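Undergrad:
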Amino acid sequence: MVPGDLRYTKEHEWIRVEGDEAVIGITQHAADQLGDIVFVELPGAGRTLEAMATFGVVESVKAVSDLFAPVSGEVIGANDALAGAPEVVNTDPYGDGWMLRIRLADPGQVDDLLDAAAYDALIAEG
Amino acid sequence: MPYGSHTADDRARMLETIGIASVDELFEAIPEALRAGPLRLDGPEPELELSARLAGLAARNRVDLASFLGAGAYRHWTPAVVDQMLLRGEWYTAYTPYQPEVSQGTLQSIYEYQSMLAELTGLDVVSASHYDGGAATAEAALMTCRATRRERILVSRAVHPHYRQTLETYASGAGLAAEEVPLVADGPLAGTTDLVALARLLDDPARPVAGVVAAQPNVLGLLEDMPEIGRLAHAAGALFVGVIEPVSLAVLAPPGEYGADIAAGEGQPLGIPLQYGGPYLGIVACTDPLVRQIPGRLVGQTSDLDGRRAFVMTMRAREQDIRREKAASNICTNQALLALAASIYLATIGPHGLRDVAAGGAARAAELEAALAAAGAPRMHAGAYLNEFVVRVPDARGVHARLLDRGVLAGIPTADLLPDEPALSDGLLVCATEVTTSAEIGQFASALRAELAAAPVAGGAR
């Protein structure tokens, strides 16, 4: 079961809304599929994100994958701790493995994302 | 290995599937004049006769000339052990296997290449490897754009014109802008990158620069103020690419010392014979923070389950076979065999030997400069050089052609190398290395003296 308080994308990112801000990361399923994560490339504060456009990359020992913004917004900060310890994305993807904090451009966009049940169904399909 | 090519039926079905009538239609984007025509080959000949005919063709090559040609490719002595090692059948594979760790020897050779080039460049990371100096320089320029997320590259006109053309081709394909930094026309800094112009080009907040590309020594053989170019680039938030000639790094400050973020260059001088059109070896090195941007493979050292030294393909996840169109480079092929030649060469002659090669070339060049000046062709520029320089010769093209008849390949007319530089219209770019002999220098000087004496006085009536 994925956490119930988050919303999800089909590309396996999660988002947690906190007022007019939100935190973004990738799901445990995504981290498991990627394998050992060795590098995360994230945008700096001030960058503008556009919903479903790529904002960074996550590199595992076997692949490099794009990260997609669940919603539009402006980057407030990135999780700098991942530069030295990218493996935290594998061990704690919903907690210390978070990637970006953003200011939402349009909070309504969150409603278009998958809820926990829908995301569970998506990954159950394989 | 048996290999079945596509049958006519296979081809017809593929053409039908993609909806074209002939294979030629795939190449219509290439201008007609540039497309290969049909090969007109004679009928088969007995091996004896064919061999004699090929020997006759080969005899038309001029191998008797005293050569002073450099301009990006350099004659050096290659110890016999380099070819002896290189010709071993174990190395003759075109590709690193898809499970590269089964080829520990190949990986170790690449690792040693990376290690020696990192020591030579003073940078943290070296990839293995690229086609040639031009491709390496273009890849380095693209790295600066990816790393800074900017789209404008400044390249000095004192970078080899072929490298600039390659860079321009890569940049235009990627939607990036490549602009040239002019040369200083006269005075003590003539022939070097115009730093005032560079500062002006960098000072455009609306069009921030990703990277500045300059060569050391530059294409005219002159030494640039690389620390200052790097300082200007960094002050504008741009990265600095130093285009290197690897032998010179034995005596000049390496890129890692003068503030370059990336070094790129031609590896041919390291034990690779002069060949028309290559294959040569493109070198790219960078600082650790740029490691994710460097194209090509990176091999690392690790230990196996039993604690023994082993080698792995450490970083390749951004290569084309894995990341498709988002790969760090669309060139997936490397020059492992030539990188190996460079490794064997460097390991054979060692750091002291390489210093001797570089210093020997510089000493020969000083001898050449004095001899040519005495023959009536003084240097055109005042700045310091290592082993290549421009001499002022009236009607340089004509003199160059006539010197061939006297058995001397007098470098290259600067008007041919850099036709867009009016200040260089009467020059010959000449080079000496450790293999240049005093006898050759004497032959060049006396032939030149004779030519200059025979030529009409500049500006006079013929």
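Residue numbers (numbering that gives the first Met the number 0), protein chains in the order written: chain L, 0 to 125; chain X, 0 to 461. In this text, a Cβ means the ideal position worked out from N, Cα and C, and glycines have one as well. Given the structure is predicted, the values throughout are model-derived calculations rather than measurements.
1) Using only the alpha-carbon positions, how far apart do glutamate 15(X) and isoleucine 321(X) sit?
2) If we ignore side chains and look at the alpha-carbon of each, how far apart do leucine 153(X) and tryptophan 90(X) end up?
3) Taking 8 angstroms as the CB-CB limit, is isoleucine 261(X) close to chain L?
4) Under DSSP, the beta strand (DSSP E) around leucine 428(X) begins and ends at which residues?
5) Pairs of beta-carbons, one from the segment 396-405 of chain X and one from the segment 445-456 of chain X, closer than 8 angstroms: are there three or more?
6) With a CB to CB cut of under 6 angstroms and the five nearest residues on each side skipped, what residues in its chain are close to valine 39(L)?
7) Just to confirm, are alanine 72(X) and leucine 251(X) a CB contact at a threshold of 8 angstroms?
8) With DSSP run on the structure shown, which of helix, strand or coil describes isoleucine 243(X)?
9) Any C-beta of chain X within less than 8 angstroms: which residues of the segment 36-65 of chain L qualify?
10) What does arginine 378(X) pair with, by DSSP beta-bridge criteria?
11) What does threonine 47(L) pair with, by DSSP beta-bridge criteria?
12) In this structure, does DSSP put threonine 301(X) in helix, strand or coil?
13) Only counting the same chain, and skipping five residues up and downstream in sequence, which positions put a Cβ closer than 7 angstroms to that of arginine 34(X)?
14) Counting only beta-carbon separations shorter than 8 angstroms, does tyrosine 321(X) have a partner in chain L?
15) Taking 8 angstroms as the cut-off, does the segment 131-148 of chain X touch the segment 161-177 of chain X (at least 3 CB pairs, one atom from each stretch)?
16) Quick one: is asparagine 217(X) buried, meaning 16 or more other Cβ sit within 10 Å of its Cβ, or exposed?
17) Does DSSP put histidine 159(X) in a helix, a strand or coil?
18) What first and last residue would you give for the beta strand (DSSP E) that runs through serine 64(L)?
19) Contact between the segment 140-154 of chain X and the segment 233-242 of chain X is defined here as three or more beta-carbon pairs at a separation below 8 angstroms; is this criterion met?
20) Where does leucine 447(X) sit, in a helix, a strand or coil, going by DSSP?
21) Going along chain L in order, which residues have a C-beta closer than 8 angstroms to the C-beta of arginine 317(X)?
22) Looking only at its chain, what residues have a beta carbon closer than 6 angstroms to the beta carbon of isoleucine 109(X), apart from the 5 residues adjacent to it on each side?
23) Exposed or buried, what is glutamate 178(X) when buried is set at 16 or more other beta-carbons lying within 10 Å of its beta-carbon?
24) Which residues in the same chain as alanine 395(X) place their Cβ atom closer than 8 angstroms to its Cβ, once the five residues preceding and following it in sequence are excluded?
25) By alpha-carbon positions, which one of Thr301(X), Gly281(X), Gly172(X) and Leu353(X) ends up nearest to glutamate 100(X)?
26) If contacts are defined as beta-carbon pairs under 8 angstroms, then alanine 213(X) and serine 155(X) qualify, I think. What distance do you get, rounded to the angstrom?
27) Evaluate contact between the segment 87-94 of chain L and the segment 33-48 of chain L, counting only Cβ atoms and requiring at least three cross-stretch pairs below 8 angstroms.
28) Is it buried or exposed for arginine 74(X), if we count other Cβ within 10 angstroms and need 16 for buried?
29) List the residues that DSSP assigns as beta-bridge partners of glutamine 215(X).
30) Compute the beta-carbon to beta-carbon distance between glutamate 145(L) and leucine 103(L), rounded to the nearest angstrom, for a pair I have assumed lies under 8 angstroms.
31) Do you know how far the Cα of valine 356(X) is from the Cα of leucine 367(X)?
32) Which of helix, strand or coil does DSSP assign to glycine 496(X)?
33) Does the Cβ-Cβ distance between valine 70(L) and glutamine 108(L) come in under 8 angstroms?
34) Starting from the beta carbon of arginine 291(X), find every residue of chain L whose beta carbon is closer than 8 angstroms, and list them in chain order.
35) Given a cut-off of 8 angstroms, decide if alanine 68(L) and alanine 52(L) are closer than it, judged by their beta-carbon atoms.
36) Which same chain residues end up closer than 8 angstroms to glycine 382(X) when comparing Cβ atoms and leaving out the 5 residues on each side of it in sequence?
TA: With the structure as the only source:
1) Mapped onto the second sequence, residue 15(X) falls at position 16. Mapped onto the second sequence, residue 321(X) falls at position 322. Roughly 29 angstroms separates the two Cα atoms.
2) Within the second sequence, the letter at position 154 stands for residue 153(X). Within the second sequence, the letter at position 91 stands for residue 90(X). Each residue's Cα considered, the two are about 39 angstroms apart.
3) The residue given as residue 261(X) occupies position 262 in the second sequence. Cβ-Cβ to chain L under 8 angstroms: no for isoleucine 261(X).
4) For this step, residue 428(X) is matched to residue 429 along the second sequence. Taken as a continuous stretch (DSSP letters only), the beta strand (DSSP E) holding leucine 428(X) covers 426-430.
5) yes
6) Against the first sequence, residue 39(L) aligns to sequence position 40. Cβ neighbours of valine 39(L) beyond the five flanking positions: Val57, Leu81 and Pro85.
7) Stepping through the second sequence from its first residue, residue 72(X) is reached at position 73. Stepping through the second sequence from its first residue, residue 251(X) is reached at position 252. No.
8) Counted from its first residue, the second sequence places residue 243(X) at position 244. It is a strand residue.
9) Phe38, Glu40, Glu58, Ser59, Val60, Lys61, Ala62, Val63 and Asp65
10) For the purposes of this step, residue 378(X) is taken as residue 379 along the second sequence, with counting starting at 1. DSSP output for arginine 378(X) lists Val390(X) as bridge partner(s).
11) To locate residue 47(L), count along the first sequence from 1; it is residue 48. Per DSSP, the beta bridge partners of threonine 47(L) are Glu73(L).
12) Locating residue 301(X) in the second sequence gives position 302, counting from the first residue. The answer is strand: DSSP assigns threonine 301(X) an E or B state.
13) Against the second sequence, residue 34(X) aligns to sequence position 35. Within the same chain, arginine 34(X) has close Cβ partners Phe26.
14) Taking the second sequence and counting its residues from 1, one reaches residue 321(X) at position 322. At residue 321(X) the sequence reads isoleucine, which differs from the tyrosine that was named. Yes, isoleucine 321(X) lies at the interface with chain L (some Cβ there is under 8 angstroms from its Cβ).
15) Touching, yes, given that three or more Cβ pairs across the two stretches are closer than 8 angstroms.
16) Within the second sequence, residue 217(X) is the residue found at index 218, counting from 1. The residue is buried, with at least 16 neighbouring Cβ atoms inside 10 Å.
17) Here residue 159(X) refers to the residue found at position 160 when the second sequence is read from its first residue. Looking at histidine 159(X) - three-state DSSP - the assignment turns out to be coil, as it is neither helix nor strand.
18) What you label residue 64(L) is simply residue 65 of the first sequence in a count that begins at 1. Segment 63-67, the beta strand (DSSP E) holding serine 64(L).
19) yes
20) What you label residue 447(X) is simply residue 448 of the second sequence in a count that begins at 1. Helix.
21) On the second sequence, position 318 is the one that residue 317(X) refers to. Near arginine 317(X) (Cβ distances below 8 angstroms), the residues of chain L are Glu58 and Val63.
22) Along the second sequence, read from residue 1 onward, the residue named residue 109(X) stands at position 110. Once the five neighbours on either side are set aside, the close Cβ partners of isoleucine 109(X) are Ala127 and Val298.
23) Position 179 of the second sequence, counted from the start, is the residue given in the question as residue 178(X). Counting Cβ neighbours within 10 Å, glutamate 178(X) comes out exposed, since fewer than 16 surround it.
24) Taking the first residue of the second sequence as position 1, residue 395(X) is located at position 396. Result list for alanine 395(X): Pro412, Thr413, Ala414, Ser424, Asp425, Gly426 and Leu427, in chain order.
25) Translated into the one-based positions of the second sequence, residue 100(X) becomes position 101. When only C-alpha atoms are compared, the closest one is Thr301(X).
26) By one-based count along the second sequence, residue 213(X) stands at place 214. By one-based count along the second sequence, residue 155(X) stands at place 156. Contact holds; Cβ gap of about 4 angstroms.
27) yes
28) On the second sequence, residue 74(X) is found 75 positions in, with the first residue counted as 1. Arginine 74(X) should be labelled buried.
29) Residue mapping note: residue 215(X) aligns to position 216 of the second sequence, counting from 1. Answer by DSSP bridge pairing, in chain order: Ile243(X).
30) Given that chain L is displayed from residue 0 to residue 125, the structure contains no residue 145(L) and the question cannot be resolved.
31) Numbered from 1 along the second sequence, position 368 holds the residue referred to as residue 367(X). Numbered from 1 along the second sequence, position 357 holds the residue referred to as residue 356(X). One C-alpha to the other measures close to 16 angstroms.
32) Outside the shown range of chain X, which is 0 to 461, sits residue 496(X), and nothing can be said about it.
33) In the first sequence, residue 70(L) corresponds to position 71, counting from 1. In the first sequence, residue 108(L) corresponds to position 109, counting from 1. Cβ distance < 8 angstroms, so valine 70(L) and glutamine 108(L) count as in contact.
34) Position 292 of the second sequence, counted from the start, is the residue given in the question as residue 291(X). Those are Phe38, Glu40 and Glu58, listed as they occur along chain L.
35) Counted from its first residue, the first sequence places residue 52(L) at position 53. Counted from its first residue, the first sequence places residue 68(L) at position 69. The answer is yes: Cβ separation under 8 angstroms.
36) For the purposes of this step, residue 382(X) is taken as the residue at position 383 of the second sequence. Here the set comprises Pro187, Leu188, Ala189, Gly190, Thr191, Leu221 and Leu222.
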